[in-house]
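In the UniProt record's numbering, the protein residues as written are 1 to 202.
As structure tokens, this is what we get:
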């Protein structure tokens, strides 16, 4: 008895061919087909290359770093909002206290016979004297260097360049530093918002 020949390629359908559930292969070739697929996978043609694995790992790490950066920015914004609300409430309380004290002082002056018009005239004269004194006195001011409101809104340019390079798979950090606004190899800080903008660019 001659052994039947099998091919891993689909055979042309014929009335006499025995197919495996409409799969296009003879029934007696099913085992050979499995062996052929297993051999193909073991040869490495179906596996990932080291470079593709490294790229995916870099992208995953960059996504995690970006997620942490965004969470940190959101947390800081919430802190500023809370601080802003607290400062506003304190200013409102201080303003109410000053208004109450002024009302009490005016009442005391009125009980001593000082009229409302006299109080207003005195306040106007006092303000005018202060303005004249300020105009006569010459003062020198030294320029001040502007500083960021919070260094927490900044990030090292080297750290930023590393995050962007890993996310893009781009090894040209000099070009990335230039896009961040850095000059040469000088160490500097950049805004987190600028880093996020460059992350979104492709």
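By construction, the Cβ of each residue, glycine as well, lies at the ideal position given by its N, Cα and C atoms.
Report task. Pick helix, strand or coil for residue 190, following the three-state DSSP scheme. Result -> If DSSP states are grouped into helix, strand and coil, residue 190 belongs with the strands.
**Report entry** Of the listed residues 63, 50 and 104, nearest to residue 166 (C-alpha basis)
**Finding:** Answer by Cα proximity: 63.
Requested in this report: Could you round the C-beta distance between residue 157 and residue 189 to whole angstroms and report it? I think they count as a contact, below 8 Å.
Outcome: Confirmed, about 7 Å.
Query raised in the report: Does DSSP put residue 45 in a helix, in a strand, or in coil?
Result: Residue confidence for residue 45 is low, a pLDDT of 49 falling below 50, so the modelled location carries little weight; the figure read from the coordinates is stated next. Residue 45 falls in the coil class under three-state DSSP.
Report task. Specify the secondary structure class of residue 176 as computed by DSSP and reduced to three states. Result -> Helix at residue 176.
Query raised in the report: Counting Cβ pairs, one atom from each stretch, are 3 or more of them under 8 Å apart for the segment 193 to 200 and the segment 63 to 74?
Result: Because the criterion of three Cβ pairs below 8 Å is met, the segment 193 to 200 and the segment 63 to 74 touch.
Query - Buried or exposed by the 16-neighbour rule on C-beta atoms within 10 Å, applied to residue 110 - result: Counting the other Cβ atoms within 10 Å of the Cβ of residue 110 gives fewer than 16, which makes it exposed.
Query raised in the report: Starting from residue 154 and walking both ways along the beta strand (DSSP E), at which residues does that stretch end?
Result: Residue 154 -> beta strand (DSSP E) spans 154 to 156.
**Report entry** DSSP state of residue 24 mapped onto helix, strand, coil
**Finding:** For residue 24, the pLDDT reaches just 49, beneath the cut-off of 50, and the residue's location in the model is therefore unreliable, although a value from the coordinates is still provided. Here residue 24 sits in coil by DSSP.
**Report entry** CA-to-CA distance, residue 101 to residue 89, given in whole angstroms
**Finding:** Across the structure, residue 89 and residue 101 are spaced so that their CA atoms are roughly 19 Å apart.
**Report entry** Reduced DSSP secondary structure (H/G/I, E/B, other) of residue 61
**Finding:** Residue state, collapsed to three classes: helix.
**Report entry** Per-residue DSSP class, three states only, for residue 3
**Finding:** Unreliable placement is indicated for residue 3, whose pLDDT of 48 sits below 50; the coordinate value is still reported in the next sentence. The answer is coil: DSSP assigns residue 3 none of H, G, I, E or B.
Query raised in the report: Sorted by chain position, which residues of the same chain lie with C-beta nearer than 6 Å to residue 209's C-beta, five sequence neighbours on each side aside?
Result: Residue 209 lies beyond the range of the chain shown here (1 to 202); nothing can be said about it.
**Report entry** Cβ distance (whole Å) where residue 198 is taken to contact residue 179 below 8 Å
**Finding:** Contact between residue 198 and residue 179 holds: CB atoms are separated by about 6 Å, below the 8 Å threshold.
Query - Cβ separation of residue 176 and residue 170, assumed to be a contact under 8 Å, to the nearest whole Å - result: Indeed they touch by this definition, with Cβ atoms about 7 Å apart.
Query - Close Cβ partners of residue 220 (< 8 Å) along its chain, the five nearest in sequence each way excluded - result: Residue 220 cannot be examined here, being either before or after the span of the chain that is shown, 1 to 202.
Query raised in the report: How should residue 57 be labelled, buried or exposed, when 16 other C-beta atoms within 10 angstroms of its C-beta is the threshold for buried?
Result: Here residue 57 is exposed, its C-beta having fewer than 16 other C-beta atoms within 10 Å.
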